[in-house]
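Residue numbers (our numbering): 2 to 132.
Following this line, the structure appears as structure tokens:
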């Protein structure tokens, strides 16, 4: 299942939402760092569109882990970004750059991602874009 996770992150870095969606189950549960759980590909696509408007991000230093059964996986990486447009409730965007460690956790079934949970330190991000 590492290949599914690798394809998901390759699509992220290519800014190819359709390819990301192809890695997901129809009823994917998307757990974001700060916010409600979104269920389904349509809400995931809306989230991606919002993120693309506000942030330009590239993930590096990727390490992917998976269990032997291929039902669970995790990834640790660095988010290298530019804050493009002010996001509601966050500091004003002025094209600030940031570099932030993050991680994602996945459930997989039949080669598709059924859950994505992403964590990062919001206080660290806020400090970087507020400097």
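Note that CB positions come from ideal geometry on N, CA and C, so glycine has one too.
Problem - Between the CA atoms of residue 132 and residue 11 - distance to the nearest angstrom - result: Numbered from its first residue, the chain shown carries residue 11 at position 10. Numbered from its first residue, the chain shown carries residue 132 at position 131. Their backbone Cα atoms lie some 30 Å apart in a straight line.
Practice task
Flag this pair as yes or no: are the beta carbons of residue 114 and residue 49 separated by less than 8 Å?
Solution key: Position 113 of the chain shown, counting from 1, holds the residue named residue 114. Position 48 of the chain shown, counting from 1, holds the residue named residue 49. No, Cβ-Cβ distance for residue 114 and residue 49 is not below 8 Å.
Practice task
Check residue 17 in the structure and name its three-state DSSP category.
Solution key: Indexing the chain shown from 1 puts residue 17 at position 16. Of the three classes helix, strand and coil, the one that applies to residue 17 here is coil, per DSSP.
Handout entry: Extent of the continuous alpha helix (DSSP H) to which residue 44 belongs
Key = Walking along the chain shown from the start, residue 44 turns up at place 43. Counting along the chain, the unbroken alpha helix (DSSP H) around residue 44 starts and ends at 42 to 55.
Problem - Cβ-based neighbour list, residue 96, same chain, cut-off 8 Å, excluding 5 preceding and 5 following - result: Within the chain shown, residue 96 is the residue found at index 95, counting from 1. Correct list, in chain order: 83, 84 and 85.
Practice task
Using DSSP bridges, identify the partner residues of residue 58.
Solution key: Position 57 of the chain shown, counted from the first residue, corresponds to residue 58. Note: residue 58 sits in a beta bridge opposite 82.
Handout entry: As assigned by DSSP and simplified to three states, the class of residue 72
Key = Residue mapping note: residue 72 aligns to position 71 of the chain shown, counting from 1. In the structure shown, residue 72 sits in coil (DSSP, three-state: anything other than H, G, I, E or B).
Problem - Residue from 37, 38, 3 and 43 whose Cα sits closest to the Cα of residue 19 - result: As a first step, residue 19 is located in the chain shown; it is residue number 18 there, counting from the start. Comparing Cα positions, the closest option is 43.
Handout entry: Alpha-carbon spacing of residue 29 relative to residue 129, whole angstroms
Key = The count along the chain shown starts at 1 and reaches residue 29 at position 28. The count along the chain shown starts at 1 and reaches residue 129 at position 128. Each residue's Cα considered, the two are about 31 Å apart.
Problem - Length of the line joining the Cα atoms of residue 26 and residue 68 - result: Taking the first residue of the chain shown as 1, we reach residue 26 at position 25. Taking the first residue of the chain shown as 1, we reach residue 68 at position 67. Each residue's alpha carbon lies about 19 Å from the other.
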